[in-house]
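Here is the structure we will look at, set down as structure tokens.
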Amino acid sequence: MSLLRTRDISIHFGGIAALTEVDIEVQEAEIVGLLGPNGAGKTTLFNVISGFLKPDWGRIVFQGDEIAHLLPYERVAAGIGRTFQHVRLFRNLTVYENLLVAQHRHLSSGSFAAMLRLPGWRRDEKDARDRVEEILDVVNLRPWADAHPSELSYGTTRFLELASVLSLHPKILLLDEPASGIQQKEVEALGPLLKRIRDERGCSILLIEHDMSLLLNASERIYALDFGKIIAEGTPNEVVADDLVLESYLGRTRRATA
Amino acid sequence: MIYAAPVTEVTIFGLSSGAVFALLALGLVLIYRTTGVLNFAHWAIGLMAVVTYVMLTALGLPPQVAAALGLAVGVVSGVLAYRLVFKRLGRGRQVIVILIAIGLAQFYSSVAQFALGFEQFTRLQPWLPAGDVHLGQVAIRASEIITAVAAIVIAFGFLVWFRLSRTGRALRAVAQNKEAAMLAGIDDVKYSSIAWGIGSALAALALLLVMPHSAGEQGGIITTFDVTPFGTLLIPAFGAALVGGLVHLPMALLGGFVFGLSRELLILAPKPWSDLRASMAAILILFLLLLRTERFFATRQELEALE
Amino acid sequence: MKVDVAVEPRHGSAPVTEELEAPPVARVARRRPTRGQLLGLASLGLISVVPVPFGDFGYFIGQYATIYAILGLSVVVVTGYAGLISLMPYSFAGIGAMATGIAMASWGWPFWLALPFAAGATVPFALFVGVTSVRLKGLYLAIATLTISNALGETFFTWETITGGDSGHFVARPVVGPVDFGGDLAFYLLCLGAVFALLFMVEGLRTSRVGRAMLAVRDNELEAQALGINVAKTKLVAFVLSGMIAGFGGAFLAQLLISVTPNAFQSPFAEATSLLLVTLVAIGGMDRAIGAFVGAIALVVQQQIFNGFEFFFAFVGIYAAITLIAFLLFRPGGLVQVGKILADLTRARPALGLSIIAIILVTNVGGAWLILSLS
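Residue numbers (the numbering used here), protein chains in the order written: chain P, 7 to 264; chain C, -1 to 305; chain U, 7 to 381.
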């Protein structure tokens, strides 16, 4: 049984079909890539899977359960984590506090426990802080613990976002262009990092990426999208050689210069 | 005043208050769509005009002159609010913009309180002709009719001017897309100031029409109720503006009449319904808010520009 | 799982590599109070003692200020923490006050029972507003709360069953054993205790799962959802907590006013007071519990010294408005932020910092004395 399976996902905006009958499948502990030119519908697909958009029709099955009716926060609880194309962090909170927020689903104390400083709250806070301490060391963000995201370099904010989403202990991670805007050296470190996440946590990854070397290196399988439809599927080598895929990239450029 | 044919009377009241709501709403919409600020200080700025009127008539100036000068003060108050405060904000966080607008409302209304001297009532001289007009068997206050007519004329005139004039076009351009307007050589600050000036003029006109004539032959009264940050009429004016999603001028005009007429016509309704008068505006506004009227009237681009 | 990446600092210094010797960022478990907290506690203690030399009038102002601070705390929770613009805190206080009035005057309940009743009475209203807040974005929520406040002022707070008719409710101060809270000092201490308790609670809320969820929702709703936060529930909780705090303050307000008159919470004055509360909290520092305290006290005390009720409102209106706008334009963190800046400055350059503090104190106290002696 696959970890995540979408069937016939379709969605329109105005008169435009953003996605048409998209069927993809991700197994456990697998890295799957999503390839396609801008506007192909990759982020839209992510929005549908993570619950931020409701498809016109289609099914989403996660770990054998239908999840199409679940709200975004419920899908997080089910085990789906995602990042955004433009890094979304909490600007008014420090790095430390950002990571504390990410611990939300592991804690359970309510507002009264907090206001009255009951033992349940105390336990939760200690638990949260311990986890954040660990993450800070693991992702090497400790020097920035008290800084605000605006003081960090773009690459560092991306790592913060990654650390936050990993705090959710997801079973599948939807990464939207993790390499965009960061330096070459860090991009090269991403591939092995993603593989380690898969191996050490058993976490699957669905990856949107424009950086070809990263995408081809890290993915075990790739889906190619164009105009909201899957146009190719297979191993990186297969997809890259596929005629339709080449057409969708080169053809566009040709038409654009015509 | 002679009571007769309540329907006619109530309808005229409805039209007259509706026209006033419309004027206020048009000002709100103009300011909001051009500069992205929902002017919570709209009423208080209008108060500046009335307060000036009161002080000048007390000094002995003829009421019409005082009204004109009051109008000028209202315009200046509005433009100052934009130039000194809102211009600096750029694309500030919405919470901050709202808090500042509220602060200005408190500022101007407190200034008005000081200027009027904390009386329970302040009497105003009228500047429109007093006396009654007889329509068949019905007698209506002349000022009531003139207010209604004047407000309607001003409102329609404004709409036509906005549609057809170069300034109107420039204002629309700034509303749609500030950056593009700047690239086209349109001075964003100048036209935003114009928007605030005209918007505030509409508010000033609305208050100058209503307040000096609210007590019939004797002129008008201002009570302590009026010299508060939002007065008694701003909330229905928001409602009227909401009918057009806060961005559509003609619909705001219509909205004014919707709120004005519904409030007055309810007097004639059978008992349980007529008690709703006080909360009618609130119910309508909540309904409009939940309907998310801006979806119907603003393009996505405009909505984004306003955020 | 260790990640070896180059962490590039944004400003200045050379890139830090994985062999980094991180400056030890001390993450001491918060068991021992820091020097800053002790200083804060000392200031609170100091402020509490200020009314003493002024006798009964001083205690009255102290009661007023602390009750307004409680109402301010309700604004901190819903607008400061959760970022939801609510223009109706005084209406919630009114619900609490009326509930107290009815419970004590009509049903003969003791104050201690009326308190939780007052807080609970706000819950259905808070739930209603909270549900609308889920659907309405910032600006529209502001309009909605203003409208609801106005509607309540025109309907609910005019009904005789609620207001107790022309004479209102007469609410007696509680008597506990030998202590009669009818005395000004005793009641002041009661109010002080209440506001300190709530300060403790609201500040505690900030460092908790629920509080951080509110801060997250305020900052970035989408990301909050993506991290598993139930945004709708968070907003509801914010409104309910805020309503209950305001209702609680309303109970004390009823005690302060003793006779809760029928038009105490009617339009448009209720809205004007709500605005004032929001302004005070924004000046104090919107998202810090202590900010509400500081803001309420700074202004209520300073302006209550000037005689006359209407004068108070008008003057506070102008003074507060100008201060608010100045702060929002230049230092949105309010007095708390300015306080921090001053504290840092004083630590770094004591002479400069202390002289600035002295100048502020002198101009404020001097100005107040001047106006008092002229009137």
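Yeah, the Cβ is synthetic: ideal placement off N, Cα and C, and Gly gets one too.
**OP:** Kindly confirm or deny that the segment 256 to 271 of chain U and the segment 68 to 76 of chain U touch, where touching means at least three C-beta pairs closer than 8 Å.
**Re:** yes
Subject >> Nonlocal neighbours in the same chain, by C-beta distance under 8 Å from Arg33 of chain U, ignoring five residues either side >> reply: Caution is warranted here: a pLDDT of 42 is assigned to Arg33 of chain U, below 50, making its placement in the model unreliable, and the coordinate value is therefore given only provisionally. Counting only Cβ-Cβ distances below 8 Å, and skipping sequence neighbours, we find nothing.
Original post:
Along the segment 271 to 299 of chain U, what residues have a CB closer than 9 Å to any CB found in chain C?
Top reply: Ser273, Pro274, Phe275, Glu277, Ala278, Leu281, Leu282, Val284, Thr285, Ala288 and Met292
Subject >> Contacting residues, own chain, Cβ-Cβ under 8 Å from Tyr160 of chain P (five flanking each side not counted) >> reply: Val93, Gly187 and Ile188
Subject >> Residues that Gly240 of chain P bridges to, as DSSP identifies them >> reply: P:Ile228
**OP:** To the nearest angstrom, report how far apart Pro227 of chain C and Leu158 of chain P are at their CA atoms.
**Re:** 43 Å
Original post:
From the beta carbon of Val82 of chain P, is the nearest beta carbon of chain U less than 8 Å away?
Top reply: yes
Subject >> Per-residue burial, Leu162 of chain C [other beta carbons within 10 Å of its own, 16 or more giving buried] >> reply: exposed
Subject >> Under 8 Å between C-beta atoms of Gly68 of chain U and Val177 of chain U >> reply: no
**OP:** May I ask you to list, following chain order, the residues of the segment 239 to 262 of chain C that have a beta carbon less than 8 Å from some beta carbon of chain U?
**Re:** Leu240
Original post:
If the cut is a Cβ gap below 7 Å, which residues of chain C does Tyr5 of chain U touch?
Top reply: The structure shown does not extend to residue 5 of chain U, since chain U is modelled only from 7 to 381, so the question has no answer here.
Original post:
Alpha carbon to alpha carbon, how far is Arg123 of chain P from Asp152 of chain P?
Top reply: 24 Å
Subject >> Proximal residues to Phe123 of chain U (C-beta, below 6 Å), its chain only, five neighbours per side dropped >> reply: Ala105 and Ala109
Original post:
By Cβ distance, which residues of its chain are closer than 6 Å to Gln104 of chain C, with the 5 residues on each side in sequence left out?
Top reply: Pro227
Subject >> Leu102 of chain C: contacting residues in chain U (beta-carbon distance under 8 Å) >> reply: Ala327 and Ile331
Subject >> Cutoff 8 Å: Thr213 of chain U Cβ touching any chain P Cβ >> reply: yes
**OP:** For chain U, find out if any of its Cβ atoms is closer than 8 Å to the Cβ of Ile192 of chain C; answer yes or no.
**Re:** no
Subject >> Cβ-based burial, Leu211 of chain U [other Cβ within 10 Å; buried from 16] >> reply: buried
Original post:
When burial is assigned at 16 or more other CB atoms within 10 Å of the CB, is Phe271 of chain U buried or exposed?
Top reply: buried
Original post:
Assuming Gln33 of chain P and Ser210 of chain P make a contact with CB atoms under 8 Å, what is their CB distance in whole Å?
Top reply: 7 Å
Original post:
Residues of chain U with CB under 7 Å from Gly116 of chain P, in chain order?
Top reply: Val216
**OP:** Indicate the three-state DSSP secondary structure (helix, strand or coil) for Thr161 of chain U in the structure shown.
**Re:** coil
Original post:
For Ala199 of chain C, which residues from the same chain have a beta carbon less than 7 Å from its beta carbon, with the 5 sequence-adjacent residues on both sides left out?
Top reply: Leu69, Gly72 and Val73
**OP:** Reducing DSSP to helix, strand and coil, say where Thr213 of chain U ends up.
**Re:** coil
**OP:** Check whether the Cβ atoms of Met142 of chain U and Leu97 of chain C sit closer than 8 Å, and answer yes or no.
**Re:** Strictly speaking, residue 142 of chain U in this sequence is Leu, with Met absent from that position. Not a contact, by the Cβ cut-off of 8 Å.
Original post:
So, Thr369 of chain U versus Ala327 of chain U, is the Cβ gap smaller than 8 Å?
Top reply: no
Subject >> Expected contact under 8 Å - CB spacing of Pro338 of chain U and Ile94 of chain C to nearest Å >> reply: 6 Å
Original post:
For Val216 of chain U, which of U:Leu196, U:Ala230 and U:Gly188 has the nearest alpha-carbon?
Top reply: U:Ala230
**OP:** Name the two residues that bound the continuous beta strand (DSSP E) containing Asp182 of chain P.
**Re:** Ile178 to Asp182
Original post:
Any idea what DSSP makes of Leu25 of chain P, helix, strand or coil?
Top reply: strand
Original post:
Counting only beta-carbon atoms, is Ala180 of chain U nearer than 8 Å to chain C?
Top reply: As written in the sequence, residue 180 of chain U is Pro, which differs from the Ala given in the question. Chain C, which has no Cβ nearer than 8 Å to the Cβ of Pro180 of chain U, makes this no.
Subject >> Closer than 9 Å at the beta carbon, the chain P residues around Val1 of chain U >> reply: The shown model of chain U, from 7 to 381, leaves out residue 1 of chain U, and the question about it has no answer.
Subject >> Ile265 of chain C versus Thr6 of chain C - alpha carbon distance >> reply: 12 Å
Original post:
To which residues of the same chain is Asp225 of chain U closer than 8 Å at the C-beta, ignoring the five residues directly before and after it?
Top reply: Gly89
**OP:** Using a Cβ-Cβ cut-off of 8 Å, state whether Leu57 of chain C counts as contacting chain U.
**Re:** no
Original post:
Does Val109 of chain C get closer than 8 Å to chain U when you measure Cβ to Cβ?
Top reply: yes
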